[in-house]
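Below is one structure; the comments refer to it alone.
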Amino acid sequence: MIDFTLSERDRAQLERTRAAALICRKYARYHDENEGDFPPDELPEAAEFYANQTPLPDASDDDTAPPVMMALQSIGQFWGDYSVRLKRTGGGGLGNAALSAAGTPEQQEKWQHLVLSMAITEPGCGSDPSRVSTTAVLDGDEWVLNGEKIFVTTGIRAEGVVLWATIDKSAGRAGIKSFLVEKGTPGFEVPHKEKKLGIRADDTACYVFKDCRIPRENLLGLDETIPKKSSGGFRGVMKTFNMTRPMTAAMGLGLAKAALDFTRDELEKAGVELEYGSALGAQSAVAERFMRLEALYEASELTTLQCTWMAGQGLPNNMESSVCKAHAGSAVRAITQGCVELLGPMGISREHLLEKWMRDCRITDIYEGTGEIQRLIIARGLFDYTRADLK
Ligand SMILES: Cc1cc2nc3c(=O)[nH]c(=O)nc-3n(C[C@H](O)[C@H](O)[C@H](O)COP(=O)(O)OP(=O)(O)OC[C@H]3O[C@@H](n4cnc5c(N)ncnc54)[C@H](O)[C@@H]3O)c2cc1C
Numbered sequence: 089m090i091d092f093t094l095s096e097r098d099r100a101q102l103e104r105t106r107a108a109a110l111i112c113r114k115y116a117r118y119h120d121e122n123e124g125d126f127p128p129d130e131l132p133e134a135a136e137f138y139a140n141q142t143p144l145p146d147a148s149d150d151d152t153a154p155p156v157m158m159a160l161q162s163i164g165q166f167w168g169d170y171s172v173r174l175k176r177t178g179g180g181g182l183g184n185a186a187l188s189a190a191g192t193p194e195q196q197e198k199w200q201h202l203v204l205s206m207a208i209t210e211p212g213c214g215s216d217p218s219r220v221s222t223t224a225v226l227d228g229d230e231w232v233l234n235g236e237k238i239f240v241t242t243g244i245r246a247e248g249v250v251l252w253a254t255i256d257k258s259a260g261r262a263g264i265k266s267f268l269v270e271k272g273t274p275g276f277e278v279p280h281k282e283k284k285l286g287i288r289a290d291d292t293a294c295y296v297f298k299d300c301r302i303p304r305e306n307l308l309g310l311d312e313t314i315p316k317k318s319s320g321g322f323r324g325v326m327k328t329f330n331m332t333r334p335m336t337a338a339m340g341l342g343l344a345k346a347a348l349d350f351t352r353d354e355l356e357k358a359g360v361e362l363e364y365g366s367a368l369g370a371q372s373a374v375a376e377r378f379m380r381l382e383a384l385y386e387a388s389e390l391t392t393l394q395c396t397w398m399a400g401q402g403l404p405n406n407m408e409s410s411v412c413k414a415h416a417g418s419a420v421r422a423i424t425q426g427c428v429e430l431l432g433p434m435g436i437s438r439e440h441l442l443e444k445w446m447r448d449c450r451i452t453d454i455y456e457g458t459g460e461i462q463r464l465i466i467a468r469g470l471f472d473y474t475r476a477d478l479k
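Sequence positions in the sequence shown follow our numbering and run 89 to 479.
See below:
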């Protein structure tokens with residue numbers, strides 16, 4: 089049976105996450121308005137915060153499984169701000185997750201300490217990654233890379249990238265491999281940074297590869313001489329998404345929770361009574377609408393936790409990761425927009441963060457596969473449709 093009861097240690101950990109998130113929130117507006125000025129690796133309050141921490145209770149058998157805790161901590165962290173962190177440690181980019189999923193133990197040891205972005209999307213390839221047209225051609229002991237990548241999250245801050253390129257266009261998906269390219273490699277340029285609607289404290293860049301040469305061993309996974317079994321191939325790296333999709337859902341849920349908490353406080357200050365336990369029909373129209381948003385949040389959070397719980401049990405969660413991502417993608421938009429509407433002018437004022445949370449959460453339904461693409465994956469999982477059936 090799934091049980092999300094938190095142990096004493098879990099609760100202490102989440103309280104710590106929330107306390108750190110509140111500090112980060114103080115910097116949220118600054119980074120939203122100064123898009124080019126990225127958060128420092130350590131906020132001024134970080135040292136004092138960590139020095140004043142009491143030790144966590146000892147680990148016990150009752151502790152929540154690590155993937156579930158990761159999701160809960162993401163919700164707590166993003167409740168503070170989408171991108172600002174008290175202290176940034178080590179990797180943490182999407183490329184790091186790809187390296188964990190597809191790299192050999194030697195490759196992981198060599199590069200996991202770097203911040204790694206992940207570059208799949210190209211001007212002509214987004215939802216259908218099998219259309220990647222960046223090429224990798226073996227020349228002696230080196231791969232020669234040519235192509236363009238767009239919308240690379242953390243593209244500026246990253247120290248390297250996990251890059252998708254094809255070694256044989258005629259082979260379709262089987263020809264697509266992932267490569268580790270370190271910043272500073274000749275032929276690897278970062279010509280452009282995006283200006284965005286939301287998540288502005290996170291940089292998003294464009295990459296160009298012009299006759300960029302990397303060592304042969306930078307192909308992730310096994311060697312390319314047995315391409316179909318290479319874990320760095322299409323299937324190997326797609327596995328990354330089974331964990332990153334619920335985390336993306338959790339990130340959006342953190343914002344939605346922040347919006348709900350703010351709105352609840354403001355409604356209560358305005359004298360709106362939320363009578364939990366009474367029927368929805370017995371509530372005022374405002375209270376009823378707000379409670380429906382809360383219910384939507386709970387459904388989405390539970391769907392996400394179920395998916396991470398399955399990961400913790402070693403159960404296949406490909407379809408569930410799409411279910412929670414698709415659900416959260418639309419739920420967090422409905423929740424934040426609903427909160428903005430409930431609070432009227434206060435909802436869109438830059439005096440408060442609610443309008444920013446509404447902008448920030450839009451990404452939940454775009455990257456890591458749009459809502460429409462998640463629904464295609466779900467349909468395949470539920471009804472045994474093939475990729476060709478749903479083209
Ligand atoms: C801020 C930001 C950060 C990003 N970070 C990264 C990153 O780090 N790395 C990376 O590789 N990419 C990243 N992306 C790219 C993101 O993954 C793509 O934008 C996304 O996959 C959609 O691709 P696209 O923009 O090319 O849209 P398209 O694929 O052109 O789709 C356009 C619309 O058509 C819909 N659609 C497409 N195909 C179908 C279909 N078969 N059935 C029904 N509807 C369909 C889509 O849902 C969408 O609404 C980022 C994007 C943004 C905005």
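All C-beta atoms in this analysis are idealised placements derived from N, C-alpha and C, irrespective of residue type, glycine included. Bear in mind the structure is a predicted one, so any value in this text is a computation, not a measurement.
Please classify residue 288: does DSSP put it in a helix, a strand, or coil? Indexing the sequence shown from 1 puts residue 288 at position 200. Residue 288 falls in the coil class under three-state DSSP.
Are the CB atoms of residue 168 and residue 206 nearer to each other than 8 Å? Locating residue 168 in the sequence shown gives position 80, counting from the first residue. Locating residue 206 in the sequence shown gives position 118, counting from the first residue. No, they are not a contact pair.
If we call anything under 8 Å between Cβ atoms a contact, is residue 279 one with residue 300? Working through the sequence shown from its first residue, we reach residue 279 at position 191. Working through the sequence shown from its first residue, we reach residue 300 at position 212. No, Cβ-Cβ distance for residue 279 and residue 300 is not below 8 Å.
May I ask which residues mark the beginning and end of the alpha helix (DSSP H) holding residue 229? If you number the sequence shown from 1, residue 229 lands on position 141. It is not in any alpha helix (DSSP H) - residue 229 carries neither H nor E in the DSSP assignment.
Please determine whether the Cβ atom of residue 223 lies at a distance below 7 Å from any heavy atom of ligand 1. Here residue 223 corresponds to residue number 135 of the sequence shown, with the count starting at 1. No, the Cβ of residue 223 stays beyond 7 Å of every heavy atom of ligand 1.
How about the region 370-390 and the region 353-361: do they share at least three Cβ pairs that are nearer than 8 Å? yes
Can you tell me whether residue 332 is buried or exposed? The criterion is at least 16 other CB atoms within 10 Å of its CB, across all chains shown. Counting from one through the sequence shown, the residue named residue 332 turns up at place 244. So residue 332 counts as buried.
Distance between residue 184 and residue 469 (C-alpha atoms, nearest Å): Translated into positions along the sequence shown, residue 469 becomes position 381. Translated into positions along the sequence shown, residue 184 becomes position 96. If you take the alpha carbons of residue 469 and residue 184, they lie about 27 Å apart.
Using three-state DSSP, classify residue 236 as helix, strand or coil. Mapped onto the sequence shown, residue 236 falls at position 148. Residue 236: strand per DSSP, three-state reduction.
To the nearest angstrom, report how far apart residue 175 and residue 129 are at their CA atoms. Translated into the one-based positions of the sequence shown, residue 175 becomes position 87. Translated into the one-based positions of the sequence shown, residue 129 becomes position 41. About 6 Å.
Taking only heavy atoms of ligand 2 into account, decide whether any of them is closer than 7 Å to the Cβ of residue 215. Ligands displayed in this structure: ligand 1; ligand 2 is not among them.
Classification of residue 367 by the beta-carbon crowding that lies within 10 angstroms, buried from 16 upward: Counting from one through the sequence shown, the residue named residue 367 turns up at place 279. It is exposed - the Cβ of residue 367 has fewer than 16 other Cβ atoms within 10 Å.
For residue 451, I'd like the list of residues in its chain whose CB is within less than 7 Å of its CB, leaving aside the five on either flank, ordered along the chain. Your numbering for residue 451 matches position 363 in the sequence shown. Result list for residue 451: 286 and 287, in chain order.
Could you check how far apart the C-beta atoms of residue 350 and residue 442 are, in whole angstroms? I think they sit under 8 Å. Residue mapping note: residue 350 aligns to position 262 of the sequence shown, counting from 1. Residue mapping note: residue 442 aligns to position 354 of the sequence shown, counting from 1. By a beta-carbon distance limit of 8 Å, residue 350 contacts residue 442. Their separation comes to about 6 Å.
Give the straight-line distance between the Cα atoms of residue 381 and residue 164, rounded to the nearest whole angstrom. Locating residue 381 in the sequence shown gives position 293, counting from the first residue. Locating residue 164 in the sequence shown gives position 76, counting from the first residue. If I take the Cα positions, the gap works out to 19 Å.
Report yes or no: do the region 259-278 and the region 420-440 share at least 3 C-beta pairs separated by less than 8 Å? no
Contact between the region 450-467 and the region 387-398: three or more CB pairs below 8 Å? They do not touch, by the three-pair rule.
Does the beta-carbon of residue 264, which I'm using as the reference point, lie nearer than 7 Å to any heavy atom of ligand 1? Translated into positions along the sequence shown, residue 264 becomes position 176. Not under cutoff, so the answer is no.
Would you check whether ligand 1 has a heavy atom nearer than 7 Å to the C-beta of residue 241? Stepping through the sequence shown from its first residue, residue 241 is reached at position 153. True, at least one ligand heavy atom lies under 7 Å from that Cβ.
4-residue-minimum alpha helix (DSSP H) runs that sit fully inside the region 366-451, ordered along the chain: Counting whole runs of 4 or more residues, the region 366-451 contains the alpha helix (DSSP H) stretches 373-400, 406-431, 433-436 and 442-448.
At what residues does the alpha helix (DSSP H) containing residue 188 begin and finish? As a working note, residue 188 is residue 100 in the sequence shown. Where residue 188 is concerned, the enclosing alpha helix (DSSP H) stretches over 182-190.
Check for me: the beta strand (DSSP E) holding residue 279 runs from which residue to which? The residue given as residue 279 occupies position 191 in the sequence shown. 276-281 is the span of the beta strand (DSSP E), which, as asked, contains residue 279.
Straight-line CA distance for residue 120 to residue 444? Sequence index remark: in the sequence shown, residue 120 carries index 32 (1-based). Sequence index remark: in the sequence shown, residue 444 carries index 356 (1-based). Their Cα atoms are separated by approximately 8 Å.
Do residue 189 and residue 400 count as a contact pair if the criterion is CB distance below 8 Å? Here residue 400 corresponds to residue number 312 of the sequence shown, with the count starting at 1. Here residue 189 corresponds to residue number 101 of the sequence shown, with the count starting at 1. No.
Mind checking which residues open and close the beta strand (DSSP E) that includes residue 92? The count along the sequence shown starts at 1 and reaches residue 92 at position 4. Run containing residue 92: none; DSSP gives neither H nor E here.
Are the region 93-109 and the region 145-152 touching by the rule of at least three beta carbon pairs closer than 8 Å? Inter-segment contact for the region 93-109 and the region 145-152 is present: three or more beta-carbon pairs are separated by less than 8 Å.
By the three-class DSSP mapping on this structure, what secondary structure does residue 218 have? Taking the sequence shown and counting its residues from 1, one reaches residue 218 at position 130. Here residue 218 carries a helix assignment [DSSP, helix/strand/coil].
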